[in-house]
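To get my numbering, take the position in the sequence shown, counting from 1, and add 1. Yeah, the Cβ is synthetic: ideal placement off N, Cα and C, and Gly gets one too. Please read all numbers here as calculations on a predicted model, not as lab measurements.
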Amino acid sequence: MRITYYGHSCFLIETEGKKVLFDPFITPNELAREIDINNIQADYILLSHGHQDHMADVEAIYKNTKATLVANFEIVSWFANKGIENNHPMNTGGKKEFDFGSVKMVNAIHSSSLPDGSYAGSAAGFVVQTKEKTFYYAGDTALTLDMQLIAEEYKIDLAFMPIGDNFTMNIHDALKAADFVKTNTIIGMHYDTFPYIRLDHKEVKNVAANAGKELKLMEIGETFTL
Ligand code: NI
Ligand code: MN
């Protein structure tokens, strides 16, 4: 499985010959100015919730790729009205088999509304099970005991967790979340993009290491194979 980071909470996962993009927020992100969204290929776009820092580039990337948009019913319907016809609506608790693996939409504790104020349903995370790896993409969320249910159903190899604090979990809660889902590998997200969520990388890595967890903070544009 190949993982590419495009900043904030945006990752491209390549597995089974398919490209799955999560929460594209690239062109408004100063830190990601080196990334040209016209070079991004995707077969699927998964959205955790309706906030702009998770979906600012959906329409532009869809125009280029015609990738299937996977999100909750409200968000998919909102984008369908804007012409995004390749879509697959889900809702919290539901699971669906795609050609790259299965996706379960799981609970996230966070708000969600669309840019024009429309109702965006509940914020969500995803558990994705592929032939190569099973991972948890937490989205924007607080720590919640619901995460323990994930470990009852899945063997999680790695987890994408928000660590920026203020709007989401911080590193301490993310470490507890990693215990709840029973993984030792965390890829950090939702940090540094805005002044409220700037992090001391050394410090958070130390906190993770002291807890016996591996925290990976990817460079924007970096790709690695797992
Ligand atoms: Ni949010
Ligand atoms: Mn956010």
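Cβ separation of residue i and residue j, assumed to be a contact under 8 Å, to the nearest whole Å
i: L22; j: Y45; result: 7 Å
i: D26; j: D54; result: Looking at the sequence itself, residue 26 is Phe, so the reference to Asp does not match. Yes, they are in contact, since the Cβ atoms of F26 and D54 sit about 5 Å apart, within 8 Å.
i: T224; j: R3; result: 6 Å
i: N82; j: K67; result: The Cβ separation is near 17 Å, so there is no contact.
i: L139; j: P163; result: Per the sequence presented here, residue 139 reads as Ala, with Leu not at that position. Right, their Cβ atoms sit about 6 Å apart.
i: L200; j: G222; result: Not really, about 19 Å apart at Cβ, beyond 8 Å.
i: F161; j: Y192; result: Contact doesn't hold; Cβ gap of about 12 Å is too wide.
Bridge-paired residues (DSSP) for residue i
i: L216; result: I187
i: E15; result: R3, K20
i: T224; result: T5
i: H89; result: V71
i: E98; result: S103
i: P163; result: M190
Which of helix, strand or coil DSSP assigns to residue i
i: S113; result: coil
i: A125; result: strand
i: Y7; result: coil
i: A175; result: helix
i: P196; result: helix
i: Q42; result: coil
i: T66; result: helix
i: N108; result: strand
i: F181; result: helix
Option nearest residue i by Cα separation, candidates the options
i: S103; options: I198, L146, L47; result: L47
i: I76; options: A121, K156, H89; result: A121
i: I62; options: K183, A43, E154; result: A43
i: I41; options: K206, S49, S78, T28; result: T28
i: E60; options: D24, I221, G165; result: D24
i: E15; options: D201, G8, L32, V129; result: V129
i: G8; options: L176, I36, K19; result: I36
i: F80; options: H111, S119, S112, A109; result: S119
Same chain, Cβ closer than 8 Å to residue i, neighbours up to 5 away in sequence not counted
i: E17; result: D100, F101, G102, T131, K132, E133
i: E215; result: N185, T186, I187, A209
i: M106; result: N73, M91, N92, T93, G94, G95, K96, A125, G126, F127
i: I157; result: V128, T135, F136, Y137, I151, V182, K183, T184
Cβ neighbours of residue i in the same chain (closer than 6 Å, five flanking residues each side left out)
i: Y197; result: N167
i: V208; result: I172
i: F181; result: M148, Q149
i: S114; result: G51, A121
i: I85; result: Y63, L70
i: D174; result: L144
i: T226; result: R3
Proximal residues to residue i (C-beta, below 7 Å), its chain only, five neighbours per side dropped
i: I38; result: I27, T28, D58, A61, I62
i: F154; result: Inspection of the sequence shows that residue 154 is occupied by Glu rather than by Phe. Nothing listed; no residue qualifies.
i: S112; result: A124
i: N65; result: N39
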